[in-house]
Amino acid sequence: MSDRAGKYELLERIGFGGMAEVWRAHAHGEAGFRRPVAVKRLLPNLAGDEVFGAMLLEEARVVAALDHPNIVQTIDFRREDDTQFLLVMELVDGINLGSWIRHHQRARETTPWPLVAMIAMDVLRALSAAHERKDEQGRASPIFHRDVSPSNVLLGKHGNVKLGDFGLARAMDRVTLTTPGVVKGKLSYERQGGV
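Just so we're on the same page, the working numbering is the position in the sequence shown counted from 1, plus 1287.
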């Protein structure tokens, strides 16, 4: 199945949660340019909802301020057809740590300690970069992830470890209050497929 959202060709839904879904996609440009990306968009029943659109915009704003090799990078944020918000991110080709753990539990195998330590160190590097963030004037402006869980730790097939899904993050330079009736918490975000 393939769908089109402007210059982004949505190829396969690879995850979903309470308010959004993530697609493996291609970004298309001039002269046949094509790049694999991940596109996060609101679920169809929430498309056009300004409150949820603002939440996705806040996630894009927060992550765009972070440039670190262990944090999933934001590429673009746009609104398509006056209804759908799209957050375009780098695609980490691999699985999430939750899938890795479940696979090893089913196989009754353990992950070697050096690999466990490497994953933990890379996640801590990502959190350190977010907590030590400075604004454009050089003032401390930390970002707190607030949802570090195995499903948000991505393990790339080339050994890279990336922390993703800053949807619940809080940036100290702007306090965003939860709207009455809107629950912010674990969104049961689960990558489909994988190991």
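The beta-carbon is built from N, C-alpha and C at its ideal position, and this holds for glycine as well.
{"Asked": "Unbroken alpha helix (DSSP H) runs of length 4 or more, entirely within the region 1360-1447: which are they?", "Found": "1384-1393, 1400-1418"}
{"Asked": "Would you call the region 1331-1343 in contact with the region 1303-1311, where contact means no fewer than 3 C-beta pairs closer than 8 Å?", "Found": "yes"}
{"Asked": "So what does DSSP say about residue 1340, is it helix, strand or coil?", "Found": "helix"}
{"Asked": "Give me the residue from 1347, 1300, 1344, 1383 with the minimum Cα distance to residue 1446.", "Found": "1383"}
{"Asked": "CA-CA distance, residue 1442 and residue 1405?", "Found": "11 Å"}
{"Asked": "On the DSSP letters alone, give me the boundaries of the beta strand (DSSP E) that residue 1327 sits inside.", "Found": "1321-1329"}
{"Asked": "In whole angstroms, what separates the C-alpha of residue 1391 from that of residue 1424?", "Found": "46 Å"}
{"Asked": "Shortest alpha-carbon distance to residue 1381 belongs to which of 1321, 1293, 1439?", "Found": "1439"}
{"Asked": "Please classify residue 1418: is it buried, with 16 or more other beta-carbons within 10 angstroms of its beta-carbon, or exposed?", "Found": "exposed"}
{"Asked": "Let me check one thing: in DSSP terms, what residues is residue 1307 bridge-paired to?", "Found": "1329"}
{"Asked": "Between residue 1377 and residue 1360, which are expected to be in contact by the criterion C-beta below 8 Å, what is the C-beta distance as a whole number of angstroms?", "Found": "4 Å"}
{"Asked": "State the DSSP-derived secondary structure class of residue 1351, mapped to helix, strand or coil.", "Found": "helix"}
{"Asked": "Take the Cβ of residue 1320 as the centre, count every other Cβ of all protein chains shown within 10 Å, and call the residue buried at 16 or more, exposed below.", "Found": "exposed"}
{"Asked": "With 16 as the cutoff for other CB atoms within 10 Å, does residue 1318 come out buried or exposed?", "Found": "exposed"}
{"Asked": "Alpha carbons only, please: which of 1407, 1402, 1379, 1422 is nearest the one belonging to residue 1444?", "Found": "1379"}
{"Asked": "Compute the distance between the beta-carbons of residue 1453 and residue 1349, then report whether it is under 8 Å.", "Found": "yes"}
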